[in-house]
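Report on the structure given below.
2 protein chains.
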Amino acid sequence: MTQGNVRDRRNGSTLEGVASLAGVSRATVSRVVNGSPRVSPGVRRDVEAAIEQLGYVPNRAARSLVTRRSESFAVVITEPTGRLFSDPFFPRVLRGISMELTARDLQLVLLMPNSPADVRRTGDYVAAGHVDGAVLISLHGDDPLPSRLSGAGIPLVLVGRPQRGISASYVDVDNRQGARSAVEHLIAGGRRVIATIAGPSDMPPGIDRLAGYRDAIAEAGLPADPDLEACGDFTQTSGAEAMVQLLAARPDIDAVFAASDLMAAGALSALAVAGRRVPRDVAVVGYDDSPVATSTNPQLTSVHQPIEEMGREVARLLVEAVEGTDRVIRRVILATDLVKRASSAGRPPP
Amino acid sequence: MTQGNVRDRRNGSTLEGVASLAGVSRATVSRVVNGSPRVSPGVRRDVEAAIEQLGYVPNRAARSLVTRRSESFAVVITEPTGRLFSDPFFPRVLRGISMELTARDLQLVLLMPNSPADVRRTGDYVAAGHVDGAVLISLHGDDPLPSRLSGAGIPLVLVGRPQRGISASYVDVDNRQGARSAVEHLIAGGRRVIATIAGPSDMPPGIDRLAGYRDAIAEAGLPADPDLEACGDFTQTSGAEAMVQLLAARPDIDAVFAASDLMAAGALSALAVAGRRVPRDVAVVGYDDSPVATSTNPQLTSVHQPIEEMGREVARLLVEAVEGTDRVIRRVILATDLVKRASSAGRPPP
DNA sequence: TGAGAGTGTGAGAGCGCTCTCACAAAGAGG
DNA sequence: CCTCTTTGTGAGAGCGCTCTCACACTCTCA
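Here the protein sequences line up with chains A and B, keeping their order.
Reading the first sequence from the start, the letters are residues 2 to 351 in my numbering.
Reading the second sequence from the start, the letters are residues 2 to 351 in my numbering.
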């Protein structure tokens, strides 16, 4: 009968309790809790003592009910499998977001839909206003979420530049400049026949990194050649295949820039099979500076991205968007770093 | 003046609204929403129509306020940097948990404390009862969270067997049996001088995998030799160092079992430096079946763990713990799979 | 000295929901 | 025909909080 559920009234104290202990009204306690300046120092001290004594913690649900804010943000990761499991991008970005949100006492609600039906449910959930805003990570071209949610008036920030057609705030790393600096490094190392293994042409990182490669080639006055450009899908196998294809078309290749470390690792093994020595015959540069970059032989020179900082920036933007009244769209582009390792050591002068 | 915040009353409809549209009382609508059987079919139909028409979505905060449940669960990841970024363990386990929770319309609140102060805050947060239960991932020996939270009466499930002294439900993979099967595979391949690069001796996976190695050695009647056991910390560098040390002590080694793929990759490079061919001279087996396993040369044989399933199981256990009234502790151990690749190909018969 | 302008505090309504209790209507059993 | 149950429904309290408003003060400044 008397169930006596252990979890009931886990924290017995309420505003009321604190108020009566401190000999003030609920309103005053509320003011203290929420840091209102309109409380005299003496009363504030009494109330704080009472809060301390009772171990009072405000009830989120009750607060939320009246403020109409959930004090929580959704982070939606729509990624079938690929990148989610193959590089530490997600944990890093999550940690960045988490740091910024917890510092502000905001909840991070994680959503990882993994079927179209799930995506729909996720949309319903977020659009229903259960959260104050949402971060969308890694959306592909046909992702219905951004328009769905911005249509519902939910503050939104994307990680990574969205496909054209979608207008929303986002934070991205400078893929184009990152790729460009990688290729410039190869040129500075004396390489002249530089190929690229690009990412998918329907994904912004794929597009931008290819553009950066072309920038550097053009800038250096090197001849552009479609045979020096092959496409992969960011996976290792695709990198190996692309490398085989490139070598067939241009056996004189002396450097390769791959748009991901995984593809670079694939290129490395294809080069080994083809009997080319790295970096002596062919220099290789990857992208992401993932753990894979240091587990290959030789270790990969790679473009490092400030992923955690990206997460933090995203969170800041989102909080700003929720607090502000204007609906201005912001774009933040963060710079990359080239991390030099053995795979791209300069060619010894002839 | 008239701010007219866009987000106010995002979804104007309340129980009240649905009730008046359907011509019933709030209580009846509530019954329909919560699937009570005590509603006549006709009324139910009317109410459902009204809900549909208004796009009614229950207000979580209001419900939560009265039920004293938040319908949300914390997932706490306390991992400084190491494994968090180096293998896909966390995303996988998170996805498993996420699948199970969203299927039940429960929120996943992610917490990633990264300093002792953060850990304290996290403890306060969870202990305050803002969530109905918590999953703790990857806790080290001195983690204060488990006892703190179980002391506060918060339902708890751990990912991975905890240090002795902590009694809580947990889900783990069978580290011991996984390691054992790896070593048995090496023995079946004709290897006789089998070394191991173990993990830290203060972490359950390190301990259990070493125990599994010893089991297999003993079972096969091979001589146990402390010189065949070296320790690493799961990182690549530590694996390379351990390998150097092992080769110095026992140059006749013909196989190595490493307690992580990263350490196995390190061993691979140390073996290359030492001029040993893999798998011809020395066979290597790793653990985790991470992406690194397929990016080495040769590719690594490795022990695969059902990580996603682990996440699902954890979530199931937690939901059960919250719903049940008893405080019974459950332990679930999941089986592993050995994935055979080139690094451990059998020695050609002499 | 008295109107006006702060300043600190309390009373009380109300956020949207659940849940107990009361009650009407309908059927069951004597 | 009258009780007694069963079943469907509604009235209403109350969860813990915020926030508006009113009110009692205390200062200015003419």
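Positions of the beta carbon are idealized from the N, C-alpha and C atoms, including for glycine.
All figures in this text were calculated on a predicted structure; none of them were measured in a lab.
Quiz item: Which residues, in order along the stretch 278 to 299 of chain A, keep a beta-carbon less than 8 angstroms from a beta-carbon of chain B?
Solution: Pro-292, Val-293, Thr-295, Ser-296, Thr-297 and Asn-298
Quiz item: Given a limit of 7 angstroms on CB to CB distance, which residues of the stretch 129 to 163 of chain A reach chain B?
Solution: Ala-129, Gly-130, His-131 and Gly-154
Self-check item: Counted within 10 angstroms of its Cβ, other Cβ atoms place A:Asn-35 as buried (16 or more) or exposed
Solution: Start at 1 with the first residue of the first sequence, and residue 35 of chain A comes out as number 34. Exposed is the call here.
Self-check item: Boundaries of the alpha helix (DSSP H) in which A:Phe-91 is found, first to last residue
Solution: On the first sequence, residue 91 of chain A is found 90 positions in, with the first residue counted as 1. Unbroken alpha helix (DSSP H) run through A:Phe-91: 90 to 104.
Quiz prompt | Against chain A: residues of the stretch 19 to 39 of chain B by CB proximity under 7 angstroms | solution = none
Quiz item: Can you check whether the CB of A:Glu-314 is closer than 9 angstroms to the CB of A:Gly-97?
Solution: Working through the first sequence from its first residue, we reach residue 97 of chain A at position 96. Working through the first sequence from its first residue, we reach residue 314 of chain A at position 313. Against a cut-off of 9 angstroms, the Cβ pair of A:Glu-314 and A:Gly-97 comes out as a contact.
Exercise. Anything in chain A within Cβ reach of B:Leu-66, meaning under 8 angstroms, just list it in chain order.
Key: Position 65 of the second sequence, counted from the first residue, corresponds to residue 66 of chain B. Within chain A, the residues near B:Leu-66 are Asn-60, Ala-62, Ala-63 and Leu-66.
Exercise. Report yes or no: is there a C-beta of chain A within less than 9 angstroms of the C-beta of B:Arg-96?
Key: For the purposes of this step, residue 96 of chain B is taken as residue 95 along the second sequence, with counting starting at 1. Yes, because at least one Cβ of chain A sits closer than 9 angstroms to the Cβ of B:Arg-96.
Quiz item: Is it true that the stretch 73 to 80 of chain B meets the stretch 110 to 124 of chain B, where meeting means three or more beta-carbon pairs spaced less than 8 angstroms apart?
Solution: yes
Exercise. Scan the stretch 96 to 120 of chain B for residues whose Cβ lies nearer than 8 angstroms to a Cβ of chain A and list them as they occur along the chain.
Key: Arg-96, Ser-99, Met-100, Thr-103, Gln-108, Leu-109, Val-110, Leu-111, Leu-112, Met-113, Pro-114, Asn-115 and Asp-119
Quiz item: Going along chain B, which residues have a C-beta under 7 angstroms from A:Phe-91?
Solution: In the first sequence, counting from the first residue as 1, residue 91 of chain A sits at position 90. Correct list: Pro-92.
Exercise. Let me know the beta strand (DSSP E) ranges lying completely inside the stretch 270 to 322 of chain A, each 3 residues or longer, listed in chain order.
Key: 284 to 288 and 302 to 305
Quiz prompt | Where A:Ala-275 meets chain B, residues with beta-carbon distance less than 7 angstroms | solution = Position 274 of the first sequence, counted from the first residue, corresponds to residue 275 of chain A. Ordered by position in chain B, no residue passes the 7 angstroms Cβ test against A:Ala-275, which lies about 14 angstroms from the chain.
Quiz item: Counting along the chain, where does the alpha helix (DSSP H) carrying A:Tyr-126 start and finish?
Solution: Looking up residue 126 of chain A in the first sequence gives position 125. Unbroken alpha helix (DSSP H) run through A:Tyr-126: 117 to 128.
Quiz prompt | Assigned secondary structure, A:Arg-165 (DSSP; H/G/I helix, E/B strand, else coil) | solution = Numbered from 1 along the first sequence, position 164 holds the residue referred to as residue 165 of chain A. In this structure, A:Arg-165 counts as coil in the three-state DSSP scheme.
Quiz item: Could one say the Cβ of B:Ser-270 lies closer than 9 angstroms to chain A's Cβ atoms, at least one of them?
Solution: Locating residue 270 of chain B in the second sequence gives position 269, counting from the first residue. By this cut-off, B:Ser-270 is an interface position.
Quiz item: Using a beta-carbon distance below 9 angstroms, is B:Thr-1 in contact with chain A?
Solution: Any question about residue 1 of chain B goes unanswered here, given that chain B covers just 2 to 351.
Quiz item: Just the Cα atoms here: how many angstroms apart are B:Tyr-171 and B:Ser-151?
Solution: Taking the second sequence and counting its residues from 1, the one referred to as residue 171 of chain B is at position 170. Taking the second sequence and counting its residues from 1, the one referred to as residue 151 of chain B is at position 150. Distance between the alpha carbons of B:Tyr-171 and B:Ser-151 is about 13 angstroms.
Self-check item: Assumed close pair B:Arg-192, B:Asp-255 - CB separation to whole angstroms, cut-off 8 angstroms
Solution: As a working note, residue 192 of chain B is residue 191 in the second sequence. As a working note, residue 255 of chain B is residue 254 in the second sequence. Contact holds; Cβ gap of about 5 angstroms.
Quiz item: Just to confirm, are B:Pro-292 and B:Val-174 a CB contact at a threshold of 9 angstroms?
Solution: For the purposes of this step, residue 292 of chain B is identified with residue 291 of the second sequence, where counting begins at 1. For the purposes of this step, residue 174 of chain B is identified with residue 173 of the second sequence, where counting begins at 1. No, Cβ-Cβ distance for B:Pro-292 and B:Val-174 is not below 9 angstroms.
Exercise. Kindly indicate if chain A contains any beta-carbon less than 9 angstroms away from that of B:Asp-226.
Key: Locating residue 226 of chain B in the second sequence gives position 225, where the first residue counts as 1. Chain A contact via Cβ: absent.
Quiz item: How is A:Ile-330 classed by DSSP in three states: helix, strand or coil?
Solution: Within the first sequence, numbered from 1, the residue matching residue 330 of chain A stands at position 329. Correct three-state label for A:Ile-330: coil.
Quiz prompt | Partner residues on chain A for B:Ser-71, Cβ-Cβ distance less than 8 angstroms | solution = Stepping through the second sequence from its first residue, residue 71 of chain B is reached at position 70. Chain A residues near B:Ser-71: Arg-61 and Ala-62.
Quiz prompt | Residues near B:Leu-211 in its chain [Cβ-Cβ closer than 8 angstroms; skip 5 each side] | solution = By one-based count along the second sequence, residue 211 of chain B stands at place 210. Closer than 8 angstroms at Cβ, skipping near neighbours: Ala-180, Thr-197, Ala-199, Gly-200, Ser-202, Glu-230 and Ala-260.
Quiz prompt | B:Ile-254, DSSP secondary structure in three states | solution = Looking up residue 254 of chain B in the second sequence gives position 253. Coil at B:Ile-254, not helix or strand.
Quiz item: Is the stretch 238 to 250 of chain A touching the stretch 270 to 290 of chain A in the sense that three or more CB pairs, one from each, lie closer than 8 angstroms?
Solution: yes
Self-check item: Amino acids of chain A, ordered along the chain, whose beta-carbon sits closer than 7 angstroms to that of B:Gln-237
Solution: Position 236 of the second sequence, counted from the first residue, corresponds to residue 237 of chain B. Per Cβ cutoff of 7 angstroms: Thr-295 and Ser-296.
Quiz item: Can you tell me where the alpha helix (DSSP H) with B:Tyr-214 in it begins and where it stops?
Solution: Numbered from 1 along the second sequence, position 213 holds the residue referred to as residue 214 of chain B. Residues 205 to 220.
Quiz item: Do the CB positions of B:Arg-61 and A:Ala-62 come within less than 9 angstroms of each other?
Solution: Within the second sequence, the letter at position 60 stands for residue 61 of chain B. Within the first sequence, the letter at position 61 stands for residue 62 of chain A. Taking 9 angstroms as the Cβ cut-off, B:Arg-61 and A:Ala-62 qualify as a contacting pair.
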